[in-house]
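Chains B and X are the protein sequences, given in the same order.
The first sequence maps to residues 1 to 277 in our numbering.
The second sequence maps to residues 278 to 546 in our numbering.
Note that the Cβ used here is the ideal one computed from N, Cα and C, for glycine as well.
In this text, all values refer to a predicted model and were calculated from it rather than measured experimentally.
A short write-up of the structure that comes next.
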Amino acid sequence: MKPTLVPPDAPTTYADVWTFRTPRARLALWFGWLALVALFVYCWQVMNADTMWVFVADAPGQAADLGSRMWPPSMAYLPELMAPLWDTLNIATLGTLGGVIMAVPVAFLAARNTTPSRVWIRPVALLVIVTSRSINSLIWALLLVAILGPGLLAGVVAIALRSIGFVGKLLYEAIEETDARQVEAISATGASAAQRLDYAIVPQVMPAFWAIALFRWDINIRESTILGLVGAGGIGLKLQASINVLAWPQVATILLVILATVLVSEWVSARVRQAIM
Amino acid sequence: MSLETTYPTRWRRPPRMLRDRRWRFVVQGAVLAYLVLAMGSLDIEWSRVVEGLARGQRFVEGFLQPDFTSRWSDIRQGLIESLTMTLTATVVGVLISVPIGIGGARNLVPAPVYGICRTIIAVSRSLQEIIIAIFLVAMFGFGPLAGFVTLSFASIGFIAKLLADDIEEIDPRQVEAIRATGAGWWQVLHYAIQPQVMPRLIGLSLYRLDINFRESAVIGIVGAGGIGATLNTAIDRYEYDSAGAILLIVIVIVMLAEYGSSYLRRFLQ
């Protein structure tokens, strides 16, 4: 008997029209969508059990009202914002610096190829990274204001603690992606573990390191503008104060300043990244 | 003529950036000057810090011995609000950002549409969630609905931007092949572009789900519902053991979401 290439369960007749998916895949797809829609509707109902729809219906009116109160922004308030803006920049920069300094050892302990112990130390380093990443800087600030008192210090520490996770995660991934052959070449010269790190791994991750630090600085500028809402200094303090006294033109000015700062920092970090890459 | 010149006997590593020594000097000086100035503006009150350390210790104790029971009904309510808010906001955010993402891809749409969509993305990305939440709470009243709208709005900028960038980077040959069969714009979208970007879109949506949950823990501070409101209350009442419990729950859920989404992404690909 001649060997046949047709599998035994092949269909004997084929459809005349080509379709994108098999009927089974289509059925599974529709079922998936149905489940998602059902979950959505259920969540929507649970979420809005206590919603006052009267307020929601009123929202466009409220928005128009708020807009008319905010316009025009009060330009006379601008000079008063310069000192808090400087504070905000300092919170972001010093916080990034502190975060990076703490994140570098954590990243080396977390990377598979540089960690001293995969069983004991690596999980601890990963736990540090996850903890820092899952808590937003505003929550860190909320805790630190309660502990350290209101002021810039709480903001700096909050930003630093939040940055550890972000920088640590991206950096340890970069370390794991380094070329192992360079490490081997350096160890072939008789280098010690510390020298291997210094001459083989650090030069490889340096570009990634600068890019990550800059990226985080950029994010931190954004985040530090609002830390003042919980008392951690910077321009957010002014925002909170202006909202509390319902000085809407001042709020508009602050928002414009924040927007400008964010855009400038984004531009700066993009330029610097281009220059060092 | 001798070819001998004096070479240094020891190899020295060349500097990685700023090869000119003077420039290096100037940059290092500027950095140092900035650090001194910035440190000076910190204005640390050490007596207050020392006083706070006792409180910090109590917080650490609360974190190590979290109290899940005494405020459980508040925590449960906050969690339900956070989770429902996260899911609905991600679904709505994705639904809105898909057309905007398609409109923001330069290789698919005419320039005016591209401009409009990229502007929407820029506006959504440049505003902080918490600032949007302040305004939406003022508009919609306290509660999770304001949080839902905030998160949906923030999701649009994130997903639409990454989707648009992704569509711009697709393989143009597949588009050309489908177009060569006489397909219209919608058919090109369905048969050439959607299969290429779908895995990434699913990945992005799952990632955004994760981010939205984390953000939902924050926007409660300004009254937009969710676990953040519960956390804020706990810290205001100095109930650090309840606050520790809430933070632990948030961390565990974020970890689960991260592992779950990476598993799901691998499964889908």
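Which listed residue (the options) has its alpha carbon closest to that of residue i
i	options	result
A110 of chain B	B:A25, B:A174, B:S265 and B:L144	B:A174
D179 of chain B	B:R118, B:Y199 and B:T189	B:Y199
L481 of chain X	X:I436, X:Q305, X:I512 and X:E453	X:I436
A252 of chain B	X:G418, X:A454, X:W463 and X:I409	X:I409
F209 of chain B	B:M75, B:R273, B:A158 and B:L239	B:R273
T361 of chain X	B:T22, B:L152 and B:Q45	B:Q45
G155 of chain B	B:R122, B:R222, B:L36 and B:A270	B:R222
M102 of chain B	B:V157, B:T51, B:D9 and B:L237	B:V157
A160 of chain B	B:A63, B:I139, B:G61 and B:P73	B:I139
M70 of chain B	B:L246, B:R122 and B:A76	B:L246
S374 of chain X	X:F417, X:R456 and X:R395	X:R395
I398 of chain X	X:I407, X:P285 and X:G381	X:G381
Q204 of chain B	B:E80, B:E176 and B:W30	B:E176
I226 of chain B	B:V262, B:A193, B:A275 and B:P207	B:V262
R543 of chain X	X:G497, X:D518 and X:P476	X:P476
A63 of chain B	X:A415, X:I488 and X:N489	X:A415
F336 of chain X	X:L541, X:Y536 and X:Y517	X:Y517
T51 of chain B	X:R299, X:F417, X:R348 and X:I352	X:F417
L97 of chain B	X:V308, X:I393 and X:R289	X:V308
P449 of chain X	X:I433, X:L439, X:P376 and X:Q471	X:Q471
V368 of chain X	X:I352, X:M316, X:A534 and X:V426	X:V426
S347 of chain X	X:F302, X:Q405 and X:S519	X:S519
Reduced DSSP category for residue i - H, G, I as helix; E, B as strand; rest coil
i	result
F20 of chain B	coil
R325 of chain X	helix
G228 of chain B	helix
D87 of chain B	helix
Y77 of chain B	helix
F425 of chain X	helix
I279 of chain B	Nothing about residue 279 of chain B can be read from this structure; chain B reaches only from 1 to 277.
E453 of chain X	helix
Y284 of chain X	coil
E290 of chain X	Residue identity differs from the one stated: residue 290 of chain X is Arg in this sequence, not Glu. Coil.
R112 of chain B	coil
Q342 of chain X	coil
R196 of chain B	helix
N509 of chain X	helix
M52 of chain B	coil
I135 of chain B	coil
V245 of chain B	coil
W71 of chain B	coil
I447 of chain X	coil
W120 of chain B	coil
T363 of chain X	helix
F490 of chain X	helix
T253 of chain B	helix
P8 of chain B	coil
S347 of chain X	coil
E223 of chain B	helix
V371 of chain X	helix
Beta-carbon spacing of residue i, residue j below 8 Å
i	j	result
G165 of chain B	I129 of chain B	yes
G233 of chain B	D87 of chain B	yes
S134 of chain B	R491 of chain X	yes
R319 of chain B	S132 of chain B	There is simply no residue 319 of chain B to check, as chain B begins at 1 and stops at 277 in what is shown.
I512 of chain X	A141 of chain B	no
V527 of chain X	A494 of chain X	yes
A431 of chain X	S403 of chain X	no
N48 of chain B	L422 of chain X	yes
A92 of chain B	S269 of chain B	no
L126 of chain B	L364 of chain X	no
I121 of chain B	T114 of chain B	no
G424 of chain X	G503 of chain X	yes
V499 of chain X	I357 of chain X	no
L171 of chain B	V104 of chain B	yes
A469 of chain X	L413 of chain X	no
I377 of chain X	I433 of chain X	yes
N90 of chain B	S318 of chain X	yes
V167 of chain B	G99 of chain B	yes
Does the contact criterion of 3 or more C-beta pairs under 8 Å hold for the region 54-62 of chain B versus the region 177-184 of chain B? no
Quick check: the region 518-535 of chain X against the region 339-348 of chain X, are at least 3 beta-carbon pairs closer than 8 Å? By the criterion of at least three beta-carbon pairs nearer than 8 Å, the region 339-348 of chain X is in contact with the region 518-535 of chain X.
Decide if the region 474-492 of chain X is in contact with the region 423-443 of chain X; the criterion is three or more beta carbon pairs, one per stretch, under 8 Å apart. yes
Is it a yes or a no for the region 493-508 of chain X touching the region 458-468 of chain X, going by three-plus beta-carbon pairs under 8 Å? no
Check whether the region 242-252 of chain B touches the region 190-199 of chain B, taking contact to mean three or more Cβ pairs, one atom from each stretch, closer than 8 Å. At 8 Å Cβ cutoff, the stretches do not touch.
Is there contact between the region 321-331 of chain X and the region 380-392 of chain X, where contact requires at least three CB pairs shorter than 8 Å? no
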